[in-house]
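Working notes for the structure below.
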Amino acid sequence: MVLRRLSSSAAVLALAVSVSPTAAASPAPPRPPAVDRSSVQQDADALRDAGVTGVSVRLETPRGTVTARSGVGGPVSGRPVPEDGHLRLGSVTKMFVATVVLQLVEEKRLTLDRTVEELLPGVVTGAGNDGRAITLRDLLRHTSGLYDYTADVFPEHSAAAYYARRWHVYRPAQLVAMAVRHEPAFPPGTDWEYSNTNYVLAGMVVEKVTGRSWEQEVRDRVLRPLGLRHTDVPGTRPFLPQPHAANHQQFTPDGPMVDTTIPYRPFDLGADGAMTGTARDLNRFLTGLVRGRLLEPAAFAAMRTTVPMPRDRDHPAGTRSGLGLFFTPLSCGGGYLGHGGSGFGYLVRAAITTDGRRSVTVSTHSRPGDPRTADRQEDILRRLVDRALCRPA
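Just so we're aligned: 1027 in our numbering is position 63 of the sequence shown, and the numbers increase by one with no gaps anywhere.
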């Protein structure tokens, strides 16, 4: 049952129309052998041994909850990683924003085929960018071709740049203006490329349609109905609630670990990545989403309608892009839905099997400057998620 009063419509059934979509497969995977709780701990320890300062895992299964922590909550304090500590969610925020947009579609206040120019006149134009050709669907699934503004607000990858600009605040319109000074990567709807600019625009659309900020809409439509009391959109408040681990970034391969627990505001304030929360709340959100507590079936089907995306180091082979979430195959059959988030000094992965029975959130609290080390940690993290969801505890 959906937690809000929604108006259904036959129009919602057409939400999944796109250039070349394929609905994410959802057959129940074959039942694999059970695994003892030590397996989750071993995988967390493997991340620690690969150089991550602190790791936390929370796995929810029909048989109960499994947690694991490894390393320390900060190399200076040496304290353990807190259990269910507060996290920066980064791009996991996009799942919440996409959910709100689809609720507005259900209410007939939006359609996924509306163009950016219709919704935000004059905002996307110049350098070959044309808001008349970009739909809301393109924004949510990253097929707009728009340049990712984040490269412009952090052009020099260094600790000095982080310290110099971490307090600077840009308005959403300023970030979009930066992005549209660059030529698009491809004509809208013809290819896929991840761009945070898409969700800055999605947040602007929510505000234009509702007359309220995207933050307030997320609180009222998602956080309160699901009882996610430890998830928030902190705005310009820089400090995480206690307890939390410290995040550390190595900006160069041979450089020191820099405490980056305070966010980099130029790209940590918007609808593309501003939220904070806990692993318990994230798993609850995913479960509520998959089990129909936030969206009606037609809208959730649209969210899960995917397009191919190029293989890269950030996504496992076979991953496909939906509206605000990704579908990734599991080694044991079937697949999972979810999203990752990252920023200076942290990574978060939140995932749930397509049947809604098992969910996992993994957080790491340091990032290396050496690309090979980063790739090795990424491989271990992918294996951890796959094993956790394939082998119920």
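Heads up, the beta-carbon is just placed ideally off N, CA and C, and yes, glycines get one too.
Looking only at its chain, what residues have a beta carbon closer than 7 Å to the beta carbon of residue i, apart from the 5 residues adjacent to it on each side?
i: G1015; result: P1332, T1337 and Q1341
i: L1053; result: M1239, T1240, G1241, G1305 and V1312
i: L1074; result: V1065, L1068, L1100 and V1173
i: P1044; result: R1033, V1036 and G1037
Quick check on the burial criterion: 16 or more other C-beta atoms within 10 angstroms. Buried or exposed for residue i?
i: T1029; result: exposed
i: S982; result: Note on S982: pLDDT 42, under 50, position unreliable in the model; no value is reported.
i: S1295; result: exposed
i: G1286; result: buried
i: V1040; result: exposed
i: V1197; result: buried
i: V1254; result: buried
i: Y1127; result: exposed
i: H1050; result: buried
i: H1132; result: exposed
i: E1120; result: exposed
i: T1317; result: buried
i: E1260; result: buried
i: Q1206; result: exposed
i: R1027; result: exposed
i: R1012; result: buried
i: T1195; result: buried
i: S1358; result: Residue 1358 lies beyond the residue range present for the chain, which begins at 965 and ends at 1357; the question has no answer from this structure.
i: F1203; result: exposed
i: E1070; result: buried
For a test of the three-state rule: what should DSSP assign to residue i, helix, strand or coil?
i: E1342; result: helix
i: T1017; result: coil
i: R1257; result: coil
i: G1299; result: strand
i: A1032; result: strand
i: T1057; result: helix
i: E1070; result: helix
i: G1252; result: helix
i: T1359; result: Given that the chain is displayed from residue 965 to residue 1357, the structure contains no residue 1359 and the question cannot be resolved.
i: P1044; result: strand
i: T1292; result: strand
i: D1236; result: coil
i: L1084; result: coil
i: V1004; result: helix
i: R933; result: In this structure the chain extends from 965 to 1357, so residue 933 is not present and cannot be described.
i: P1136; result: helix
i: D1350; result: helix
i: R1355; result: coil
i: P1230; result: helix
Using a Cβ-Cβ cutoff of less than 6 Å, which residues in the same chain neighbour residue i once the five nearest sequence positions on both sides are dropped?
i: Y1211; result: A small correction: the amino acid at residue 1211 is Asn; Tyr does not occupy that position in the sequence shown. So the qualifying residues of the chain are T1224, T1225, G1309, Y1310 and H1329.
i: Y1158; result: H1106
i: A1149; result: G1109 and E1157
i: P1293; result: G1282 and G1299
i: G1042; result: V1036
i: D1334; result: P1217
i: M1059; result: G1288, L1289 and H1303
i: A1123; result: F1215 and V1222
i: Y1111; result: A1143 and H1146
i: P1274; result: none
i: L1139; result: Y1113 and V1164
i: S1327; result: S1020, L1051 and V1312
i: G1219; result: G1333
i: D1094; result: none
Could you pull the DSSP bridge partners for residue i from this structure?
i: L1051; result: G1241
i: R1078; result: Answer is none; R1078 lacks a bridge partner.
i: G1330; result: In the sequence under discussion, the amino acid at residue 1330 is Ser, which differs from the Gly named in the question. Paired residues: H1212.
i: P1272; result: R1284
i: V1324; result: L1023 and A1315
i: D1223; result: H1212
i: S1306; result: L1311
i: H1279; result: D1276
Cutting at 8 Å between CB atoms, please list the residues of its own chain near residue i, excluding the five before and the five after it.
i: P1151; result: A1097 and G1109
i: T1099; result: L1076, D1077, R1078, T1079, V1080, P1152 and G1153
i: D1007; result: V1021, A1032, I1344, R1347, L1348, R1351 and A1352
i: V1064; result: V1170, W1178, E1181, V1182, R1185 and V1186
i: Y1228; result: F1118, Y1126, R1129, R1130, G1307 and F1308
Could you check whether the Cβ of residue i sits closer than 8 Å to any Cβ belonging to chain D?
i: F1060; result: The structure shown contains no chain D; it holds only a single protein chain.
Checklist line | Length-filtered (3 minimum) beta strand (DSSP E) runs lying within the segment 1141-1221 | finding: Complete beta strand (DSSP E) runs here, min 3: 1212-1214.
Notebook entry, point to check: Taking only runs of the alpha helix (DSSP H) that begin and end inside the segment 1089-1126, which ones reach a length of at least 4 residues, in chain order?
Noted result: Counting only runs of 4 or more, we get 1100-1105 and 1114-1117.
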